[in-house]
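Engineer: So the protein sequences, as listed, match chains A and B.
If you use my numbering, the first sequence corresponds to residues 2 to 223, in order.
If you use my numbering, the second sequence corresponds to residues 575 to 840, in order.
All C-beta atoms in this analysis are idealised placements derived from N, C-alpha and C, irrespective of residue type, glycine included.
In this text, all values refer to a predicted model and were calculated from it rather than measured experimentally.
Quick one: the structure is below, questions incoming.
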Amino acid sequence: MNWDWSYAFSLIPRILEGLTITLQATVLATVMAAFVGLVFALGKRSQNRVVRWAFYWVVEFIRRTPVLVQMYFVFFVLPRLGVTLPALVSGVLALGLHTSAYMSEVYRAGIESVPKGQWEAARALNIPPLRLWIDIVLPQALPPMIPAAGNYVMMLFKETALLSTITVLDMMGTARVIGNETYRYFEPITLVGLIYLVISLPAAMSIRFMEEKISRNKKMLR
Amino acid sequence: MVLDTKRDFIVFDRVEKRFGELVVLKDLSLSIAKGEKVSLIGPSGSGKTTILRILMTLESIQGGHVYIDGEPLWHMRQNDDLVPANEAHLRKMRKQIGMVFQHFNLFPHMTALENISKPPQLSLGVDKASSEKRARELLDMVGLSDKEASYPSQLSGGQKQRIAIARALAMEPKILLFDEVTSALDPELVEDVLNVLRDIGRSTDTTMLLVTHEMSFAHEFSNRVFFFDEGRVIEEGPPDNIFTTPKEERTQAFLKKIIAAGMRID
Ligand SMILES: Nc1ncnc2c1ncn2[C@@H]1O[C@H](COP(=O)(O)OP(=O)(O)OP(=O)(O)O)[C@@H](O)[C@H]1O
Ligand SMILES: [Mg+2]
Chain A
2 MNWDWSYAFS
12 LIPRILEGLT
22 ITLQATVLAT
32 VMAAFVGLVF
42 ALGKRSQNRV
52 VRWAFYWVVE
62 FIRRTPVLVQ
72 MYFVFFVLPR
82 LGVTLPALVS
92 GVLALGLHTS
102 AYMSEVYRAG
112 IESVPKGQWE
122 AARALNIPPL
132 RLWIDIVLPQ
142 ALPPMIPAAG
152 NYVMMLFKET
162 ALLSTITVLD
172 MMGTARVIGN
182 ETYRYFEPIT
192 LVGLIYLVIS
202 LPAAMSIRFM
212 EEKISRNKKM
222 LR
Chain B
575 MVLDTKRDFI
585 VFDRVEKRFG
595 ELVVLKDLSL
605 SIAKGEKVSL
615 IGPSGSGKTT
625 ILRILMTLES
635 IQGGHVYIDG
645 EPLWHMRQND
655 DLVPANEAHL
665 RKMRKQIGMV
675 FQHFNLFPHM
685 TALENISKPP
695 QLSLGVDKAS
705 SEKRARELLD
715 MVGLSDKEAS
725 YPSQLSGGQK
735 QRIAIARALA
745 MEPKILLFDE
755 VTSALDPELV
765 EDVLNVLRDI
775 GRSTDTTMLL
785 VTHEMSFAHE
795 FSNRVFFFDE
805 GRVIEEGPPD
815 NIFTTPKEER
825 TQAFLKKIIA
835 AGMRID
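Right under this line is the structure:
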């Protein structure tokens, strides 16, 4: 099996088209996870025992089953129940939901890192619940969450390759189609792997950089 | 119980406070008049902080009643009964009370100015311009006008505590609670904070409750001193009486220990 440069170059436009789908899915699922993850985290902190319990089990259920199973469920099973969604939407929903479950733990850690004195000061100043979260708690909880959240986004970026199993023409899906058409998988799959790497590596490095900066800041604040 | 609303601005009526099995306050009754400057002194663990935290609605009570200006704090009137307070009632009552903490608890992501100006915007709906104007006046009062753009991490302990005092004042409470506000400070920074307290004491008729180990300041500042031990008022009276002619043996022993530790009480 030998590498064919001109064949590889000819594939680049199609694969980059797939990359836009991959990036779209990553961004959409990230946005979803940022919101739903917070909702899960707040639900698990509810004053109401039943609500707390319900959120706990929903999150456990999502975390303890493979994301591929969830994706197949949304794409193949929901239509049987009368809910038909485009493939990309189904995939983003499943990926976003799965990441939300993990993000809720990241939120929990972030929220718990806000010292008790901050909550008490806010209570003494009679700050109403919504403002408490928006103006006092989240601004302090979010920065230390950045490294962990960033790692989940990067995992998500790679997991979008699963979209190819439900007919989405993301980067991986495109490579598979090309392979099926030409019986040559070597070039497309290698290219796709390289592109994942070229994007992931600098992202991972900048997350590590931020992590160090945050821990240095924290020491300074002490 | 019949309240004389002038003399009984703050009332503890047979209050009980428990942490699980541990009874911290038992049948505690006391009353404080409007505008009084009261110091709470006593050994560690005697329940002084707990009393302030109950007033700030940071700790609930398990028995008895607390009244502020004739209104129950931890209860609401319903027909002729008192039922446990809901959050709306607590919010309403809390408006009248402010607290300064031992460890400042400033908001680290806000500048000194924002620490003072934001809370009135968030909880009272005061507009930005007038809350910032007021915040600058208060910064001036605590002698920190030049620090308005500094973040708490850039301030000394004494400066942080003065900002925290200004933050409490910005809410215009009728009652101010101070829990050992100088005990986390380096000795040379204590006097700046005490000067601010003197200023407030002189210039306002705010009712002030002060938990302190600074006996000479308590002596000079307050019009009444409560000595606590094991969650009870052992003795109370004007500072001259408590500090120079204490009647109770436990008060005498406590003060003797303080003097032996090299602190002044006059
Ligand atoms: N959250 C809590 N849980 C359990 N016990 C508590 C709690 N807070 C206070 N206590 C206990 O209640 C008692 C009174 O505490 P409090 O803090 O009111 O004392 P204090 O008079 O302020 O003492 P100090 O001078 O050391 O500040 C102590 O025995 C303390 O251990
Ligand atoms: Mg205390």
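According to DSSP, is B:GLY644 part of a helix, a strand, or is it coil?
Structural biologist: coil
Engineer: Starting from the beta carbon of A:GLY118, find every residue of chain B whose beta carbon is closer than 7 Å, and list them in chain order.
Structural biologist: Counting only Cβ-Cβ distances below 7 Å, A:GLY118 has contacts in chain B at PHE675, HIS677 and ASN679, in chain order.
Engineer: Hey, could you find the ends of the beta strand (DSSP E) B:HIS793 is sitting in?
Structural biologist: No beta strand (DSSP E) holds B:HIS793; the alpha helix (DSSP H) holding it covers 789–795.
Engineer: Of all the residues that make up the stretch 124–143 of chain A, which are near chain B by a beta-carbon distance shorter than 7 Å?
Structural biologist: ARG124, ALA125, LEU126, ASN127, ILE128, PRO129, ARG132, ASP136, ILE137, PRO140 and GLN141
Engineer: Counting only the same chain and skipping the five closest in sequence on each side, list residues whose C-beta sits under 6 Å from that of B:PHE586.
Structural biologist: Cβ neighbours of B:PHE586 beyond the five flanking positions: LEU602, SER603, LEU604 and VAL640.
Engineer: Using a beta-carbon distance below 9 Å, is A:GLU113 in contact with chain B?
Structural biologist: no
Engineer: Around the C-beta of B:VAL657, are 16 or more other C-beta atoms found within 10 angstroms, so that it is buried, or is it exposed?
Structural biologist: exposed
Engineer: Leaving out the 5 sequence neighbours to the left and right, which residues in its chain are closer than 6 Å to B:GLU822 when beta-carbon positions are compared?
Structural biologist: ILE808 and GLU809
Engineer: Please confirm whether A:ALA122 and B:PHE675 have their CB atoms less than 9 Å apart.
Structural biologist: yes
Engineer: Chain B beta carbons: is any one of them nearer than 9 Å to that of A:GLU121?
Structural biologist: yes
Engineer: Apart from the five residues on each side of it in sequence, which residues of its chain come closer than 8 Å, Cβ to Cβ, to B:ASN869?
Structural biologist: The structure shown has nothing for residue 869 of chain B, since chain B only spans 575 to 840.
Engineer: So who's on the other strand from B:SER605, going by DSSP bridges?
Structural biologist: B:VAL585
Engineer: Kindly indicate if chain A contains any beta-carbon less than 9 Å away from that of B:ILE671.
Structural biologist: Yes, because at least one Cβ of chain A sits closer than 9 Å to the Cβ of B:ILE671.
Engineer: Since B:MET837 meets chain A, which of its residues come closer than 9 Å, beta carbon to beta carbon?
Structural biologist: Going along chain A, no residue has its Cβ under 9 Å from B:MET837, so there is no contact; the nearest lies around 27 Å.
Engineer: Please classify A:GLY111 as buried or exposed, where buried requires at least 16 neighbouring CB atoms within 10 angstroms.
Structural biologist: Classified as buried, A:GLY111 has 16 or more neighbouring CB atoms from the shown chains inside 10 Å of its CB.
Engineer: Got a sec? Which residues, its chain only, sit under 7 Å from B:LEU664 by beta carbon, not counting five neighbours each side?
Structural biologist: THR631
Engineer: Does the beta carbon of B:ASP803 fall short of 8 Å from some heavy atom of ligand 2?
Structural biologist: No, the beta carbon of B:ASP803 sits no closer than 8 Å to any heavy atom of ligand 2.
Engineer: Which residues in the same chain as B:GLU754 place their Cβ atom closer than 7 Å to its Cβ, once the five residues preceding and following it in sequence are excluded?
Structural biologist: GLN676, VAL785, THR786 and HIS787
Engineer: Does any C-beta atom of chain A lie closer than 9 Å to the C-beta of B:HIS639?
Structural biologist: no
Engineer: Keeping to the same chain, check which residues put their C-beta closer than 6 Å to that of B:GLY672; ignore five residues upstream and five downstream.
Structural biologist: ALA742, MET745, PRO747 and LEU750
Engineer: What separation, rounded to the nearest whole angstrom, lies between the Cα atoms of A:ASN218 and B:PHE583?
Structural biologist: 46 Å
Engineer: Would a check of beta-carbon distances place B:ARG665 closer than 9 Å to chain A?
Structural biologist: yes
Engineer: Do you know offhand how far B:PHE681's Cα is from B:ASN769's?
Structural biologist: 24 Å
Engineer: Is the closest heavy atom of ligand 2 to the C-beta of B:LYS622 under 8 Å?
Structural biologist: At least one heavy atom of ligand 2 is nearer than 8 Å to the Cβ of B:LYS622, so yes.
Engineer: For B:SER705, which residues of its own chain have a beta-carbon under 6 Å away from its beta-carbon, when the five flanking residues on both sides are left out?
Structural biologist: Excluding sequence neighbours, B:SER705 sits near SER691, PRO694 and GLN695.
Engineer: Does B:ALA659 come within less than 9 Å of chain A when only Cβ atoms are used?
Structural biologist: B:ALA659 does not count as touching chain A.
Engineer: Buried or exposed: where does A:LEU202 fall if 16 or more other Cβ atoms within 10 Å of its Cβ makes it buried?
Structural biologist: exposed
Engineer: When you compare the stretch 33–45 of chain A with the stretch 93–102 of chain A, are there three or more beta-carbon pairs, one atom per stretch, that lie closer than 8 Å?
Structural biologist: yes
Engineer: By how many angstroms is the C-alpha of A:TRP134 removed from the C-alpha of B:VAL598?
Structural biologist: 32 Å
Engineer: B:LEU771: which of B:TRP648, B:PHE828, B:SER757 and B:PHE791 sits nearest, CA to CA?
Structural biologist: When only C-alpha atoms are compared, the closest one is B:PHE791.
Engineer: Assign A:PHE77 to buried or exposed, taking buried as 16 or more other Cβ atoms, counted over all protein chains shown, within 10 Å of its Cβ.
Structural biologist: exposed
Engineer: Buried or exposed, going by whether 16 or more other CB atoms sit within 10 Å of the CB of A:PHE210?
Structural biologist: exposed
Engineer: Taking only the alpha-carbon atoms, compute the straight-line gap between A:GLY168 and A:GLY174 and give it to the nearest angstrom.
Structural biologist: One point to set straight first is that residue 168 of chain A is Thr, not Gly, in the sequence displayed. Cα to Cα, the separation comes out at about 7 Å.
Engineer: DSSP three-state label for B:PRO726, please.
Structural biologist: helix
Engineer: Residues in its own chain within less than 8 Å of A:SER47 by CB, not counting five upstream and five downstream?
Structural biologist: ARG53 and PHE56
Engineer: I need the straight-line Cα distance from B:MET650 to B:LYS666, nearest angstrom please.
Structural biologist: If you draw a straight line from the Cα of B:MET650 to the Cα of B:LYS666, it is about 11 Å long.
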